[in-house]
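Numbering (the numbering used here), first residue to last: 10 to 400.
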Amino acid sequence: MLVLITGLFFPSNTNAAENEVGNRGLELVVKSSEDARLYSSLFIDDRGWLTDQILSSPRVRVNRTPELFLAHLNVMDGKTSRKFILSYSHNLFDLQHRMMYQLSPRLKEILLQYVRMITDSHYGELIPWKEARKIFSMKKTATVIDLETGRSFRVQRRAGSRHADVQPLTREDTMTMKEIYNGKWSWQRRAILLEIGGKKIAASMNGMPHGAGAIRDNHFPGHFCIHFDGSSTHRRSYPDPGHRMMVLKAAGLLNQQIYEAGPDELVSLMIQSLNEQDFNVLKRTLDQSRPEQISAIVEQADQIQSIRQVGGGSRTRDNPFNSPDSSEDTPDQSGIRDLIFVNVPVEVDGYTEQGERFKAELDIVVKRDFFYNRWKIEPDSLSELWESIAN
10 MLVLITGLFF PSNTNAAENE VGNRGLELVV KSSEDARLYS SLFIDDRGWL
60 TDQILSSPRV RVNRTPELFL AHLNVMDGKT SRKFILSYSH NLFDLQHRMM
110 YQLSPRLKEI LLQYVRMITD SHYGELIPWK EARKIFSMKK TATVIDLETG
160 RSFRVQRRAG SRHADVQPLT REDTMTMKEI YNGKWSWQRR AILLEIGGKK
210 IAASMNGMPH GAGAIRDNHF PGHFCIHFDG SSTHRRSYPD PGHRMMVLKA
260 AGLLNQQIYE AGPDELVSLM IQSLNEQDFN VLKRTLDQSR PEQISAIVEQ
310 ADQIQSIRQV GGGSRTRDNP FNSPDSSEDT PDQSGIRDLI FVNVPVEVDG
360 YTEQGERFKA ELDIVVKRDF FYNRWKIEPD SLSELWESIA N
């Protein structure tokens, strides 16, 4: 028996499957980040076979927790519920006891089939703008669902040729949108799902009223923008890097992008996560071997209102998170497949939350444990950024 549920998660509540005394089976939970309140869960009642196979798998003690995860897994053996994380590398971790369960290839494939099922339901379709603009045509209404909070509101498309210019339908919709942005309008991008015509499309929105508005009494002074795969701003012919990152997040593909990113692209993703103040994405780009250091970085990053990369690093079209018309000051990347340390020089400027401008020249260290592992940013190499903000 399979039961698929999508809803909002409230930390004070336990999942329904855990409350059933004597229950045996598995509950898979998928959400976009550890802090996301919107989740999808799948309960698998297999009469205990899969449960027994998982719990009897060989295990080893580990010191580190997975930095990229596919799903949370609750395993119920009739008496207790044990909580696991299924990592992006398809390993199963018991975080409470710091154990990794070494699953057989067959067990991994069974779990991955269920994960694909729930993931397809939770995230949006990656539909190109040239198709999305036909589905979300002029004057059409749709529902926006914020991927992190699960809050939703209705919008109408009123204009836009390179992306959708939309407006909330009512004052209640405007109020909900502003609450998603913590009561303050912002240019920051957020990953959203656009529900329209029986489809759920991966998209990205900003939260700043601008330009003209035509819907009366909605208390929204202008319109705001929704971007899709391949859409661009009015002034550029290529996708906006921040919107591109959030569209991938809404499609459930951002972890894959981080996992496969080269050093330059990973640094660009890190800078974009700072600009959008998405600290869950920020953490995924970093080496998280020292949790207390990551917590300190998040506190420091919260001081940044906006930041952009103005020089250094790769600026080719192969990096979707950089602007192709930026500096061509590109370091030699030959032989990178055999390296485990790379220095990526970048120049950034931005503004603090207090409106003070800062500039910094950074030499960011990007490393990996082995040449076939993913790249991670060394947190210590961000120290010059925090110093420039403090000064």
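Just so it is clear, CB atoms sit at the ideal spot from N, CA and C, and this is done for glycine as well.
Computed from a prediction, not measured in an experiment: that's the story for all the values here.
| query | result |
| --- | --- |
| Among the residues of its own chain, which have a CB less than 6 angstroms from the CB of L135, if the five just before and after it don't count? | A211, D238 and A260 |
| How big is the Cα-Cα spacing for V164 and I189? | 15 angstroms |
| Could you compute how far the alpha carbon of E393 sits from the alpha carbon of A369? | 7 angstroms |
| R198 by DSSP, collapsed to three states: which one? | strand |
| For M108, which of helix, strand or coil comes out of DSSP? | strand |
| Have a look at Q312 and N227 and give me their C-alpha separation to the nearest angstrom. | 32 angstroms |
| Have a look at W384, S397 and V375 and flag the residue whose alpha-carbon is nearest the alpha-carbon of S390. | V375 |
| Taking 9 angstroms as the threshold (C-beta atoms), are I398 and V276 in contact? | no |
| So which of N284, R245 and L35 has the shortest CA-CA distance to V357? | N284 |
| Which residues does DSSP pair with K187 in a beta bridge? | K187 pairs with nothing; no bridge assigned. |
| How big is the Cα-Cα spacing for N475 and G222? | No information on residue 475 is available, as it lies outside the stretch 10 to 400 that the chain covers here. |
| Using DSSP with H/G/I as helix, E/B as strand and the rest coil, what is P333? | Residue confidence for P333 is low, a pLDDT of 45 falling below 50, so the modelled location carries little weight; the figure read from the coordinates is stated next. The answer is coil: DSSP assigns P333 none of H, G, I, E or B. |
| Check whether the segment 261-274 and the segment 233-250 touch, using three or more Cβ-Cβ pairs below 8 angstroms as the test. | no |
| My output table needs one value for H81: the three-state DSSP class, helix, strand or coil. | strand |
| Residues bridged to N352 by DSSP? | V374 |
| Residue range of the alpha helix (DSSP H) that G251 falls in? | P250 to A259 |
| Taking 9 angstroms as the cut-off, decide whether the C-beta atoms of H81 and I63 are in contact. | no |
| Determine the direct distance from the alpha carbon of I205 to that of R91, and round the result to whole angstroms. | 38 angstroms |
| Mapping DSSP to helix, strand and coil, what is E393? | helix |
| Any heavy atom of the ligand HEM inside 8 angstroms of the beta-carbon of H243? | With respect to the ligand HEM, the structure shown offers nothing to examine, as it has no ligands at all. |
| L278 and I235: beta carbons closer than 9 angstroms? | no |
| With DSSP as the reference, please indicate the residues paired to V153 in a beta bridge. | F162 and L203 |
| Taking only three categories from DSSP, how would you classify M217? | coil |
| Under a Cβ-count criterion, where at least 16 other Cβ atoms within 10 Å of its own Cβ denotes burial, should T339 be classed as buried or exposed? | Residue confidence for T339 is low, a pLDDT of 36 falling below 50, so the modelled location carries little weight and cannot support an answer. |
| Which one or two residues does DSSP pair with I210 in a beta bridge? | E134 and L203 |
| Whole angstroms are fine: how far does the CA of E43 sit from the CA of E102? | Per the sequence shown, the amino acid found at residue 102 is Phe instead of Glu. About 15 angstroms. |
| Tell me which residue opens and which closes the alpha helix (DSSP H) that S49 is part of. | Looking at the DSSP string, S49 is not in any alpha helix (DSSP H); the run it does join, the beta strand (DSSP E), is L47 to I53. |
| Can the beta-carbon of R73 be found closer than 9 angstroms to that of Q363? | no |
| Hey, how far is the Cα of L116 from the Cα of G159? | 32 angstroms |
| DSSP state of Q314, grouped into three classes? | strand |
| At what residues does the beta strand (DSSP E) containing R33 begin and finish? | R33 to V39 |
| Per DSSP, which residues does V175 bridge with? Please list them. | R166 and F233 |
| V355 and W384: beta carbons closer than 9 angstroms? | no |
| Tell me I94's beta-bridge partners as DSSP assigns them. | H81 and F102 |
| Using beta-carbon positions only, say whether R199 and N215 come within less than 9 angstroms of one another. | yes |
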